[in-house]
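Here's the structure, in structure tokens; my notes come after.
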Amino acid sequence: MLLNGLVLDHLKKVYNNSTIALNSLSYEYPLDHGVIGIIGPNGAGKTTLLSILATVNQPTSGRAKLKGLDVVGDRIHLRKNISYLPQDIRPFLYSLSGRDYIIEYLRMRGENIRFLNERVEPLIEELNLQYIIDKPIGRVSGGEAKKIFIVAALSVDAEIYILDEPSAGLDPPSRIKLWSLIRSLAGDGKLVIVASHYTEELAIHCDEILILDKGSLLIHGSPSKILEKMFAIKEKIVVRGVENRSLNSVKKAVLNWGVDRIVSVGDTIFIYPREKNFYGLITKLRDIDTSWRIEVSNITLEDYVITLLGDSIESS
Ligand SMILES: Nc1ncnc2c1ncn2[C@@H]1O[C@H](COP(=O)(O)OP(=O)(O)O)[C@@H](O)[C@H]1O
Ligand SMILES: [Mg+2]
0 MLLNGLVLDH
10 LKKVYNNSTI
20 ALNSLSYEYP
30 LDHGVIGIIG
40 PNGAGKTTLL
50 SILATVNQPT
60 SGRAKLKGLD
70 VVGDRIHLRK
80 NISYLPQDIR
90 PFLYSLSGRD
100 YIIEYLRMRG
110 ENIRFLNERV
120 EPLIEELNLQ
130 YIIDKPIGRV
140 SGGEAKKIFI
150 VAALSVDAEI
160 YILDEPSAGL
170 DPPSRIKLWS
180 LIRSLAGDGK
190 LVIVASHYTE
200 ELAIHCDEIL
210 ILDKGSLLIH
220 GSPSKILEKM
230 FAIKEKIVVR
240 GVENRSLNSV
250 KKAVLNWGVD
260 RIVSVGDTIF
270 IYPREKNFYG
280 LITKLRDIDT
290 SWRIEVSNIT
300 LEDYVITLLG
310 DSIESS
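Numbering that gives the first Met the number 0 puts the first residue of the sequence shown at 0, with every later residue one more than the last.
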């Protein structure tokens, strides 16, 4: 029987009797393995959700289960099966070398020491840490320290990996390696839950995505399902270099064209058409101001975030 990997049942978290960090989230992920991505702007509740799932924070009301185990009632049992990488992690001892730090961390978790090197060394190489791993962890760069914490978290032999912004501060090659490691965990039947600001990265690598905003679950599903639900047409028009005083002429030009949404982010306007035949609209826009740089590009999950957070322009 396959267990639901993740169940949230009216999960709520209120801090200091006033801040509603999670507002009654309900959700089910039906598989016991795979990669679930949590997206959302700052303050959306990602860290709160992950810390509750990691059993280091308690819900105010409602329930959450991971692979059938309750994050409150089964917390002791669950903890042994979870590896958690918090968002703002600090070393517990700055003088240890990176390698000793990882070993100490795993020892404290009660990992089987016999197999430690077999698991840790390949990860050190994979993330290109061999040149700094023997320096005191207090003397390495922020990105390098992050990678050491990632090696520690991924070396743990767990069923569930909960990673809060693991790719923040990493260079692009390291991010690709990190995702390859995360995907191989999923391939080994593990459940990985990752919060990130990098929408595109999550869209590429996650089986399932939850988008949070102000403590509420806005939408969930596979990245392609979310796009299908959100956008009628898979292309958008991007107009760059539009001064504020010209916003009205864009609005007017778009009038009478089938357009779902127009959003501005600074001097860039994103136009999301409702019908395929929008090339006449481009010609019209070009005629208004020849200095505008206009292009057509594919819809990605980033567009969902843009429509969520950009300034909406009424088209009628
Ligand atoms: N320990 C805390 N005490 C009080 N408020 C908190 C605490 N942690 C987070 N919050 C608040 O809860 C909300 C959600 O925060 P957080 O879960 O960190 O979001 P995210 O990780 O998406 O940025 C924010 O409004 C934040 O200010
Ligand atoms: Mg956070």
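Just so you know, even glycine gets a beta-carbon here, dropped at the ideal spot from N, CA and C.
None of these values were measured; they are calculated from a predicted model.
Annotation for D286: the continuous alpha helix (DSSP H) segment containing it runs 278-287. A Cβ-Cβ separation of about 6 angstroms places E200 in contact with S166 under the 8 angstroms criterion. Going by DSSP, P172 is part of the alpha helix (DSSP H) stretching over 171-186. The Cβ-Cβ distance between A151 and L105 falls below 8 angstroms. Those residues whose C-beta sits under 6 angstroms from the nearest heavy atom of ligand 1 are, from N- to C-terminal order along the chain, Y14, N15, T18, A20, G39, N41, G42, A43, G44, K45, T46, T47.
For the options T306, I192, L126, the alpha carbon positioned closest to that of K145 is the one of L126. DSSP places G61 in the strand class (E or B) of the three-state scheme.
Under the three-state reduction of DSSP, N297 is assigned to strand. When C-beta atoms of the segment 54-67 are compared with those of the segment 94-110, fewer than three pairs fall below 8 angstroms, so the two segments do not count as touching. Leaving aside the five residues that flank V6 on each side, the residues in its chain whose CB is nearer than 6 angstroms to its CB run, in chain order, E27, K64. The distance from the Cβ of L2 to that of L24 is about 19 angstroms, inconsistent with a contact at the 8 angstroms cut-off.
Each residue's CA atom was taken as its position, placing L128 and Y197 some 23 angstroms apart.
Distances from the CA of D31 to each of S290, G265, L190, H204 were compared; the closest alpha carbon is that of L190. Counted as a single uninterrupted DSSP element, the alpha helix (DSSP H) harbouring D99 occupies residues 97-107. G168 has its alpha-carbon roughly 33 angstroms from the corresponding atom of N16. Residue environment: P58 is assigned as buried (16 or more neighbouring CB atoms within 10 Å of its CB, all protein chains considered). With 16 or more other Cβ atoms inside 10 Å of its own Cβ, A53 counts as buried. Contact between the segment 166-186 and the segment 88-105 is not established, with fewer than three Cβ pairs separated by less than 8 angstroms. Between E158 and S183, the alpha-carbon positions lie close to 13 angstroms from each other. Cβ-Cβ separation between L300 and A202: approximately 4 angstroms, consistent with a contact (criterion under 8 angstroms). When secondary structure is reduced to three states using DSSP, L254 falls in the coil class, being assigned neither helix nor strand.
Separation of the CB atoms of V253 and I293 is rounded to 13 angstroms, and the pair is thereby denied contact status at 8 angstroms. Taking the Cβ of E164 as the reference point, at least one heavy atom of ligand 2 falls within a distance shorter than 7 angstroms. For A167, the shortest C-beta to heavy atom distance toward ligand 2 is 7 angstroms or greater.
Judged by pairs of C-beta atoms under 8 angstroms, the segment 234-251 does not touch the segment 72-89, as fewer than three such pairs exist. Distances from the alpha-carbon of I268 to those of W256, W291, F277 put W291 closest. Placement of the Cβ of A194 at a distance of less than 7 angstroms from at least one heavy atom of ligand 2 is found. Distance from E234 to S296 at the Cβ level is roughly 7 angstroms; contact confirmed, criterion being Cβ atoms closer than 8 angstroms.
Here G141 carries a helix assignment [DSSP, helix/strand/coil]. Under the DSSP assignment, R118 falls outside any beta strand (DSSP E), being part of the alpha helix (DSSP H) whose first and last residues are 115-125.
For the options G67, L115, V304, K283, the alpha carbon positioned closest to that of S263 is the one of V304. Straight-line measurement puts the Cα of I192 at about 5 angstroms from the Cα of I161.
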